[in-house]
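Residue numbers (the working numbering): 36 to 1108.
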């Protein structure tokens, strides 16, 4: 007996199912079989049956395909436990055949496509062919039968027909079509059939192929088959068409088909998949029981559901007034996915407030791509907010994206067959399980990064690795060169710039850091060891063993991470099982194996937390039409839903449609329809509808547009802008917009933080608040002991010093990323440093060749002759510069001066290199403002110390000028003033800017008036003609976001700090050399 149960509510179908299940089977131990299309449906159904029957036990919930395969195995002989023609296995079988296809006429298109390709390309083609063959088995059995009889199924199928015949000849014919034919012969024979279950129920399946339906019909002659189907419409709707179809068919028939009806436009447009399905079922004339439940007219959502149920089109003549204050059908337009989720949270909080009986578990949130939206959900719903705590969970995420350990494993394999670049290697050490395996801690990462940078490591294992890539065989800037420097530096500390067998030791490793170095060395060696392991092709079985060994070699999972590691092991075992069943023994590359595993893990959705309490976020996928009080659809963007699947060119079904064929766009349309009728109180829809750059409108999904169009036709409103504007909420770009906190806007927010931010902006008008409004607390007493080097860095940029040292803020672009390419030229700063060192060597009479060898060993120069030419060019300029210095140069004293000065409650310490003639310095490429200020600070210290036998003067030379500072009276007082400014600058940002301040002081000292000097300073600060304004510094921009900062404080501080540099007899304008 075949019996059809129909309702527009799954809850009513559950009642009917419970009535069937409550009838005991003849065998009390026989299981109840209820086929469903999704594990989430099985879990929901088991809970609902338990509510109605008190218990739900000894019930199996197979997928329809699994149920039919069990029927094949129970009734037919020689049917294996698993289907050898399922796509995952069929792909491997086809790959084995592709490798041996002769270049004959039928296979010419295949050979043309694969020409020059690798095994990854062959495998991708094999997978696509397997997917097409799987569809042919289910939807085109006549083609399969014709092919196996040596004929042609359809025009253009020559190579596919021949390939299928070779597949079928490989083993027993246990594919779907042959088993279906054998089953039909058995059931039609009239003989008694043993092994059939007494009854089976199919629950909530939105569609089945004609082949499945025919099997169920024939089974129903020997057993009870119950179909429980969600039907959006109580009327006969299998012959309705949408407006476009009607117009096209009327035109094609010359008006003969003008009788065609549209019925409800939404049902006609979205319901094609269900319409064809119900038409096929009704052709079998099953017994039918209907349990439709009118949703009523109490809300706008219910009216739309009622229109669909009763096949009614309200149409433009209804003139019904749009209900006011009706939250049942909501549309929200936002600027970004993040804003969508922020708005969703506020709207849910409002629904919970207005409906005290509503629980978080009554809310389902779906999106076309859950992996895109999951990070925003985690950020918004995990945020601490006293008003907004909502329990939630995300399901349906792909294992590869949700598991950091699995992602790290694939990154490891990519690194092992890549360039071994510095950033990629250190990124692996960010993974706790890898650090654990090599005895490293999170706190070691900063030290390791500094070692890698300073030892010159850029990329490559060693010179041999580079030679294998067709590059020069040199260790320079490779891991081998850098690790040798680190290890030798630990073994031979204090080596300075002395080479040992061509290696320059890195001196800064001692004590406990040795264990970190050992872990780094072991880790790098293990990664390099992957290269030969991954380079050769192997059978998939061998790759499985190798990958599992790599997992154990590199990862030591914690108890919480073990499930992730086990998921990866299970994926490898599943791949091996598929290969065994396919009988595939060919050797393949690691790229193919990784691609297969990544696809397998991406397709393996995590449904473990479905229906586990709280708001559920999941993928908008077919077979997910469960009833919820509130259903929210986010990310309903144009082009993203309904989704498009581009069929491969060889897909013979794509150009030859038959009723009952699956179509991704039609599936998504029907899914949208089922979602609409499954919402009990509220259907919430949001999309990115405003451009984040210029606020221009962006259309939503065509399905959302169709729904809004229907509402505009069916209802009217007295509000300005019409029905669409009344229903659609357009949200501001920022969550702290004052529109959320003003009456009459229709917008609101539950975020206390956003409210306070909005209120603060409102109180200040358009004024932007400073980054630090009130001074920070004074530092600890030990900050009063100041190193001379620290004081110099402070006055080079007081704001940067404050933000970095007190707040830990580092704003330089690219910070945290290491250079992963060897130098091909020297940047300005590196070349300047080299020139300084060469001048120093020339003045001291040292051989420049030693410096060249050290720089090459340190990886600071480009490789080979290029590096040598650059070195010689800079050396030539340095020799000429040094020759001009010798008339001024005086070698420093053997021992530097020790600095230890008490200045009130401050103490200044450090060391000062001086000669008999005082301080001496030079700069090959010119002097910078902060260098001049640093020289002045050291000059004040020299005068404060007043050492015997040393002139209290300082000189600084560049290529063209000589700067000289003379003796300073009351140097201790001046240092005290600067230390007081330093102490001030540790609590709040000072308006003290070296470039602008020096410009201001320079012009004041030359006799210009204050206004003139200030204008010149403004030019340095942010002048339009200045290509490098001082305000471009990110620290200044953060601390002083707006306004004229060159104010009274700036003038006062600049006068104190910079004017003394130009005092007659003390400071002097630069003079020609």
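Idealized CB from N, CA, C, for every residue including glycine.
Close Cβ partners of residue i (< 8 Å) along its chain, the five nearest in sequence each way excluded
i           : result
residue 829 : 836, 1017 and 1020
residue 174 : 244, 245, 246, 688, 693, 695, 696 and 697
residue 793 : 771, 772, 773, 775 and 776
residue 849 : Bear in mind that a pLDDT of 49 at residue 849, under 50, signals an unreliable position, so the number given afterwards is only what the model happens to contain. So no residue of the chain qualifies.
residue 465 : 480
residue 109 : 230 and 231
residue 501 : 495, 507, 508, 509 and 513
residue 167 : 195, 683, 685, 686, 687 and 688
residue 560 : none
residue 37  : 251, 252, 255, 260, 262, 319, 321 and 322
Whether residue i touches residue j by CB criterion (7 Å)
i            : j           : result
residue 894  : residue 512 : yes
residue 493  : residue 457 : yes
residue 950  : residue 931 : no
residue 1010 : residue 938 : yes
residue 336  : residue 301 : no
residue 956  : residue 991 : yes
residue 1014 : residue 979 : no
residue 589  : residue 469 : yes
residue 1066 : residue 838 : no
residue 705  : residue 186 : no
residue 648  : residue 396 : yes
residue 431  : residue 609 : no
residue 341  : residue 361 : no
Chain-order list of residues whose beta-carbon lies under 7 Å from that of residue i (same chain, five-residue window excluded)
i            : result
residue 148  : 160
residue 189  : 178, 687 and 691
residue 115  : 209
residue 703  : 676, 677 and 678
residue 1001 : 988, 1100 and 1101
residue 46   : 662
Opposing strand residues paired with residue i [DSSP bridges]
i           : result
residue 72  : Answer by DSSP bridge pairing: none, since residue 72 is not bridged.
residue 369 : 723
residue 991 : 956 and 998
residue 236 : 69 and 261
residue 545 : Looking at the DSSP assignment, residue 545 forms no beta bridge with any residue, so it has no partner.
residue 941 : 938
residue 602 : DSSP lists no partner for residue 602.
residue 714 : 663
residue 820 : 942
residue 275 : Answer is none; residue 275 lacks a bridge partner.
residue 40  : 263 and 324
residue 538 : 535
residue 81  : Answer by DSSP bridge pairing: none, since residue 81 is not bridged.
residue 401 : 653 and 668
Contact set for residue i: own chain, Cβ-Cβ below 6 Å, skip 5 residues either direction
i            : result
residue 509  : 498 and 898
residue 367  : 378, 721 and 764
residue 582  : 607
residue 1093 : 1032, 1033 and 1036
Using 8 Å as the cut-off, can you tell me whether the stretch 507-522 makes contact with the stretch 536-552, which would need three or more C-beta pairs spanning the two stretches below that distance?
These segments touch.
As an exercise, report each continuous alpha helix (DSSP H) stretch of at least 4 residues that is fully enclosed by the stretch 420-491, in chain order.
434-437, 439-451, 457-463, 467-472 and 480-489
Using 8 Å as the cut-off, can you tell me whether the stretch 202-221 makes contact with the stretch 669-681, which would need three or more C-beta pairs spanning the two stretches below that distance?
no
Could you tell me which whole alpha helix (DSSP H) segments of length 4 or greater appear in the stretch 146-196?
154-174 and 176-183
Any 3 or more C-beta pairs closer than 8 Å across the stretch 71-90 and the stretch 568-579
no
Any beta strand (DSSP E) of 3 or more consecutive residues that is wholly inside the stretch 857-891
none
Looking at C-beta atoms only, is the number of pairs between the stretch 1024-1043 and the stretch 1081-1093 that lie closer than 8 Å three or more?
yes
Which residue spans inside the stretch 1002-1037 form an unbroken alpha helix (DSSP H) run of at least 4?
Correct list: 1006-1020.
I want to know whether the stretch 748-762 touches the stretch 402-409 - three or more CB-CB distances under 8 Å.
no
Any chance you could list the alpha helix (DSSP H) runs of at least 4 consecutive residues sitting entirely within the stretch 569-593, in chain order?
You should have 575-589.
Evaluate contact between the stretch 1048-1067 and the stretch 854-863, counting only Cβ atoms and requiring at least three cross-stretch pairs below 8 Å.
no
Hey, which unbroken runs of the beta strand (DSSP E) at 3 residues or more fall wholly within the stretch 899-938?
Those beta strand (DSSP E) runs which fall completely within the stretch 899-938 and span 3+ residues are 932-938.
Uninterrupted alpha helix (DSSP H) stretches inside the stretch 718-777 (no shorter than 4 residues)
737-749 and 757-762
Any alpha helix (DSSP H) of 4 or more consecutive residues that is wholly inside the stretch 80-152:
Runs found: 99-110, 122-133 and 143-149.
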